[in-house]
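See structure below.
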Amino acid sequence: MEIKRGIPVSPGVAIGTALIVETEGIQIPRRFIDKARANEEIERLHQAFKDAVADAHANQQAINEKLGKQYGAIFAAHALLIEDPDLIREIELLITQKSFSAEYAVSRTMRRHAKALAALNQPMFSTRTADLYDIEKSILSHLVGQPGNPLQNLQGPAIVLAHDLTPSETANLDPKMVYAFATEAGGKASHTAIMAGVLEIPAVVGLGRFLMDVSGGDEIIVDGNRGVIIVNPDEETRERYLVLQRQFGSFAKRLNELRDLPAETTDGIRAVLLGNIEFPTESAHCGERGADGVGLYRTEFLYLNRTTDPNESEQYEAYTSVVRAIGPNKPVVIRTLDLGADKLFHLADQYLNEKNPSLGVRSVRLCLRNLVLFKTQLRAILRASCHGDVRIMFPMVSTLMELRQCKMILADVKEELEEEGIAFNRKIPIGTMVEVPSAALMAEEMAKEVNFFSIGTNDLIQYTLAADRTNEHVALLYSAGDPAVLRLIDRVIRAAATQNIEVCVCGEMSGDPLYAMLLLGLGLRQLSMTPQNIPEIKKIIRSITIEEAKVVAQEAMRFDTARDVNNYLREQTRRVLPEVVVN
Ligand code: PEP
Ligand code: MG
2 MEIKRGIPVS PGVAIGTALI VETEGIQIPR RFIDKARANE EIERLHQAFK
52 DAVADAHANQ QAINEKLGKQ YGAIFAAHAL LIEDPDLIRE IELLITQKSF
102 SAEYAVSRTM RRHAKALAAL NQPMFSTRTA DLYDIEKSIL SHLVGQPGNP
152 LQNLQGPAIV LAHDLTPSET ANLDPKMVYA FATEAGGKAS HTAIMAGVLE
202 IPAVVGLGRF LMDVSGGDEI IVDGNRGVII VNPDEETRER YLVLQRQFGS
252 FAKRLNELRD LPAETTDGIR AVLLGNIEFP TESAHCGERG ADGVGLYRTE
302 FLYLNRTTDP NESEQYEAYT SVVRAIGPNK PVVIRTLDLG ADKLFHLADQ
352 YLNEKNPSLG VRSVRLCLRN LVLFKTQLRA ILRASCHGDV RIMFPMVSTL
402 MELRQCKMIL ADVKEELEEE GIAFNRKIPI GTMVEVPSAA LMAEEMAKEV
452 NFFSIGTNDL IQYTLAADRT NEHVALLYSA GDPAVLRLID RVIRAAATQN
502 IEVCVCGEMS GDPLYAMLLL GLGLRQLSMT PQNIPEIKKI IRSITIEEAK
552 VVAQEAMRFD TARDVNNYLR EQTRRVLPEV VVN
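Structure (structure tokens):
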């Protein structure tokens, strides 16, 4: 049994078998065989070895011709390694003595050797380690067959383990087949992490290098509450986790009973809890969790995983379907495209040469350079505004000039629609995200030009602390509890109050129970989050008075390090809802 610690990004406990995406997702169908079938299994193994040797020779031939013999020799070495009689004997023993399936025995053996080589920490062996993984992949593909897209052709339920997953890969996971996922890379507010919440599957990211210690088919526990994964748990640990899994399920069920009750403090102060969505189908999650509307619709997900942009009518359909599902009297805040950084799309090639995409042509910067793209979306949003309480929001605004440019283009599009006689809400509320420190610092001025603010803490933290939200190596720096971040949030809330405009927080911070009292105490009355988090936040709000929240906020603002802030908030949250404070 091995225990690995990472960053918890989506709660819950899952137990299942590993599918390692690094081995091109070759899914190991079963770990054990009936002892009586050992000979058959060994025959299959020998055939796969033969085929893998043939592949290596074919590769050698092809590369000899293409690049020269010195490169082809790499595959000659592969063939020699596969033909090593000690290797196959070692695998045979696992089949006969431990009743491992051929696939599992191959994976375990190759990974053990690769790990031993890597442990020598000699650069000259690193290519040999890669060779061993290549050979593993080749033999497994002969045993299992070529899988096509591993994540879309799952043969059975699995726990997906990968170095990293892109947000669109994650979005495409089938939650019925993928019980959970865990990655070596990634941070708390990466879009991959956000997608885990959307799918409502447990997930842990930022585990550091661990794939070498796991074989496809190993039994894995993913503890999305504590940020832990356990490889091949012992009996006692598995039992303990089965109990935790049941407890988590019943806690979630109890919280869901609050669905139709307001998010109101015990002394009658009402908060509005909204849902963040990426796909129209998630409107249903908002309803199931009792959301008061949609506080952030991340429309860029319409653009991912495709080679052409969605046209105006496709977008109109998508936006209208959300508005209809949410209902005419609840707000739906549609955010204009926030493509770039870790959310890449087919046009990204134009920008891929950027050295630092998070600081490059992302979001409104991209839209302002692609007016056709921008105007098409604005037309679709405006047209959808006839059907309900649609609000429009611009992301990543860093200067007043940028905001004014966005508003000018919106005014142009309104005029166009007007001329064409197409209906829309002329008074559609306009908001801006505050997620760049410059916008937070200029919040008083910005507040005069919009109807609402939405504080995007995911980016605000990253840009304030210069800590990449997707990079596990700076995960300790990246904290919502950092006093610098809290001061900016406080400033934005005060700026909104001076102009009497609404203000919301829509980053992951708003769905983290640790910060609920603090945000309420700072004066926030709107929080938008992954729908899955709404019940917990509602429970906290319904358990306190507004005075208590104010005291918590005042105290928290006195600390000068993130660690002190977070420790204090942990204590306070434990007092109110101990079940959600796990470490
Ligand atoms: C944010 O930055 O906090 C936010 C909500 O936007 P996104 O996570 O999509 O960048
Ligand atoms: Mg953002």
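Here the sequence shown stands for residues 2 to 584, where the numbers follow the working numbering. Even for Gly, the Cβ is constructed at its ideal location relative to N, Cα and C.
Residues in the same chain with beta-carbon distance under 8 Å from residue i, minus the five sequence neighbours each way, listed in chain order, please.
i, result
"Leu442", "Leu489, Arg492"
"Ala74", "Gln61"
"Phe76", "Ala57, His58, Asn60, Gln61, Ile64"
"Glu580", "Phe252"
"Arg366", "Gly341, Met397, Glu403"
"Asp565", "none"
"Pro329", "His388, Gly389, Asp390"
"Arg392", "Pro332, Val333, Val334, Ile335, Ile429, Pro430, Ile431, Gly432, Asn452, Phe453"
"Glu91", "Thr110"
Just to confirm the assignment, what range does the beta strand (DSSP E) spanning residue i have?
i, result
"Ile278", "271-278"
"Asp390", "390-395"
"Val365", "Per DSSP, Val365 belongs to no beta strand (DSSP E); it is in the alpha helix (DSSP H), 365-370."
"Gly296", "295-299"
"Pro332", "332-336"
"Ser251", "It is not in any beta strand (DSSP E) - Ser251 instead sits in the alpha helix (DSSP H) that spans 236-257."
"Tyr180", "179-184"
"Leu20", "14-21"
"Ile8", "8-11"
"Val577", "Careful: Val577 lies outside any beta strand (DSSP E), inside the alpha helix (DSSP H) at 563-577."
Please find out if some non-hydrogen atom of the ligand PEP comes closer than 6 Å to the beta-carbon of residue i.
i, result
"Asn459", "yes"
"Cys407", "no"
"Gly508", "yes"
"Glu403", "no"
"Glu436", "yes"
So does residue i have its beta carbon nearer than 6 Å to some heavy atom of the ligand MG?
i, result
"Glu289", "no"
"Glu104", "no"
"Glu301", "no"
"Glu446", "no"
"Arg258", "A small correction: the amino acid at residue 258 is Glu; Arg does not occupy that position in the sequence shown. Because no heavy atom of the ligand MG lies under 6 Å away, the Cβ of Glu258 does not count as near it: no."
Excluding sequence positions up to five away, which residues of its chain have a Cβ less than 7 Å from the Cβ of residue i?
i, result
"Glu84", "Val54"
"Asn472", "Gly188"
"Ala115", "Thr130, Leu133, Tyr134, Met213"
"Val414", "Lys376, Leu379, Arg380, Leu383"
"Cys368", "Thr337, Leu338, Leu374, Phe375"
"Gln406", "Leu369"
"Ala292", "Leu274, Leu275, Gly276, Pro532, Ile535"
Which class does residue i belong to by DSSP, given the choice of helix, strand or coil?
i, result
"Cys505", "strand"
"Val437", "coil"
"Met358", "Checking the sequence shown, residue 358 turns out to be Pro, not Met. The answer is helix: DSSP assigns Pro358 an H, G or I state."
"Tyr479", "coil"
"Leu418", "helix"
"Met196", "helix"
"Thr309", "coil"
"Gly341", "strand"
"Phe76", "helix"
"Gly432", "strand"
"Ser544", "coil"
"Glu220", "strand"
"Gly157", "coil"
"Met530", "strand"
"Glu3", "strand"
"Glu265", "strand"
"Ile230", "strand"
"Ile494", "helix"
"Ile456", "strand"
"Leu519", "helix"
From what residue to what residue does the alpha helix (DSSP H) around residue i run?
i, result
"Thr321", "313-327"
"Ala115", "103-120"
"Ser284", "284-289"
Near residue i, which residues of its chain fall below 6 Å by C-beta distance, leaving aside the five closest residues on each side in sequence?
i, result
"Phe182", "Val161, Ala204"
"Ala163", "Val22, Thr184"
"Ala497", "Ala448, Phe454, Val504"
"Pro311", "Leu303"
"Thr574", "Pro514, Leu515, Val582"
"Ala39", "Ile96, Thr97"
With a cut-off of 7 Å, does the C-beta of residue i fall near any C-beta of chain B?
i, result
"Asp565", "Absent here is chain B; the protein component of the structure consists of one chain."
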